[in-house]
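All letters in the sequence shown, in the order written, are residues 925 to 1215 by the working numbering. Heads up, the beta-carbon is just placed ideally off N, CA and C, and yes, glycines get one too. Below is one structure, written out as structure tokens, with a few remarks after it.
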Amino acid sequence: MSGIWIALIVLVVVVGVAAALLGAANRTDTTSATSSPTLGREAIKKDKAARKADPQQVVQPPTGKEFESVAVAPVSADIEPAEASLAPAPWVQPDAEQIGASRRAFLNRSIVALMGLGIAGFAAAAFPAFLWPSSSGGFGSKIRVGKVSDVEADVSANNGFLYKPEGRMWITLYPAAALPKAEKTYSEPELAGMRAGLVALYQKCPHLGCRVPSCDSSQWFECPCHGSQYNQVGEKKGGPAPRGMDHFATEISGGEYVVNTGAVIQGPPIGTNTTGQEAEGPNCIGASEEH
Ligand code: FES
């Protein structure tokens, strides 16, 4: 016998033994899974003795008939099906009053919230302007009117009365000869402009607030509402007004005439007449009785 045949026989024997061992292992697993485990004699004896002593304590495995009877038995009415416990709750009509109350509460809160937002928005927009007047050149701010010489030329070109609507003001010339009297009458913020030859007057009549126009013929200011009259620098000449026209604070900055329309200075008292200017022609408003 050649060596090849011997090797083949050995291989077949090994494979056969291995197959036999695997088959035995499979049988053992199946047996252990489906049948009762093998008990020792001692254990079987003890088990039997216990059954005789107290049959109730020993749990008897159910018989095939018992399994069958349980499987075909009808479901007891006491046992609620699983689906029943998961069924949705029955619909209940909502309480209309409760819905109305909730809606009213929602609307009330919305209105209050909107009002609050509106007030907050207004305050946010108004407060900065109130606390810190705009410096953009409108009324309430400092207005750079222009170079002093240019402003004086503009006043002369407008027949002695230069109106600046953005500042609600009139600008007129102040005669240098009257400065000594002015120094005794007016405040420093007024004098700053007067020394440069200019006066800035608030257009609002000190009587009841009408806008006071100029009168070309008399070269005065004459109020059409109740006839108050003021000379060219705003000193009262007649009518019911309680004082002369109000002034704005002024300054000269870098050669420019700057008027602070946020700083109104009360006009001079009745009887103030620093320039001595009389009407230079017919009055525009009938002379009123002086108060
Ligand atoms: S408002 Fe000017 S005189 Fe009355």
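Within the stretch 1092-1158, complete alpha helix (DSSP H) segments of at least 4 residues are found at 1103-1109 and 1112-1118, given in chain order. One thing to note: Val1072 has its Cβ no nearer than 8 Å to the Cβ of Ile1194. Ser1142 has its CB no nearer than 7 Å to any heavy atom of the ligand FES.
Following the DSSP letters along the chain, one finds Val1072 inside the alpha helix (DSSP H) bounded by residues Val1072 to Ala1081. DSSP places Phe1172 within a strand segment (E or B) once states are collapsed to three. Of the residues assessed, Leu1041 falls on the exposed side of the cut-off, its CB having fewer than 16 other CB atoms within 10 angstroms.
DSSP, reduced to helix, strand and coil, places Glu1180 within a strand of the structure shown. The beta carbon of Pro1137 sits no closer than 7 Å to any heavy atom of the ligand FES. In this model, Trp929 and Gly940 are separated by some 16 Å (Cα to Cα).
Counting along the chain, no beta strand (DSSP E) covers Gly1163, and no H or E run does either. Listed by position in the chain, the residues whose beta carbon lies within less than 7 Å of some heavy atom of the ligand FES are Cys1129, His1131, Leu1132, Gly1133, Cys1134, Val1136, Cys1147, Cys1149, His1150, Gly1151, Ser1152, Gly1163, Pro1164 and Ala1165. Proximity to Arg1135 across Trp1094, Pro1113 and Met1118 peaks at Trp1094, based on C-alpha coordinates.
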